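Engineer:
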Amino acid sequence: KKGYMISAHRSKAIPKKSAYIQLAVPAIKKGGGKILASTNDIVAKVNGVKEQTVLTEFESLEKAFQAYESTE
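Structure follows, in C-alpha cells:
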C-alpha cells in the first residue's frame with residue numbers, strides 16, 4: 044500500500060519559507076517521496092485557510108513517516 048503526506052499550509056508564506064522549501068523538497072525526494080500535486084487553487088471549508096496544499100506519495104506509510112521524521 045502507498046503512503047501519502049498532505050501539507051496544508053495555514054498561513055501566508057513568508058520570505059524565510061523559501062529557505063524551508065529548499066531543504067524540504069530534497070529531503071522528501073531523498074525519502075522516496077513524489078510530489079503529486081501542489082496548488083493554492085483550493086476551496087477552504089470550516090475555518091480553513093486558502094493557502095498552498097501539497098500532496099506527496101510514498102512507497103508506504105512507513106516511508107512517509109520516515110521522511111517526515113528524518114533529520115533532513
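Numbered as in the working numbering, the sequence shown ends at 115 without a single skipped number. Note that CB positions come from ideal geometry on N, CA and C, so glycine has one too. This one's a predicted model, so the numbers in the text were calculated from it and none came from an experiment.
1. Just verifying my parser: in three-state terms, what is the DSSP assignment at serine 54?
2. Report the partner residues of alanine 80 according to the DSSP bridge assignment.
3. May I ask you to report which of helix, strand or coil DSSP gives isoleucine 71?
4. How would you label threonine 99, buried or exposed, when you count the other beta carbons within 10 angstroms and need 16 or more for buried?
5. Pull up the distance between the alpha-carbon of threonine 114 and that of alanine 70, whole angstroms please.
6. Less than 8 Å between C-beta atoms, sequence neighbours within five positions excluded: which residues of the same chain meet that for serine 81?
Structural biologist: Let's see:
1. coil
2. Leu98
3. helix
4. buried
5. 9 Å
6. Gln95, Thr96, Val97 and Leu98
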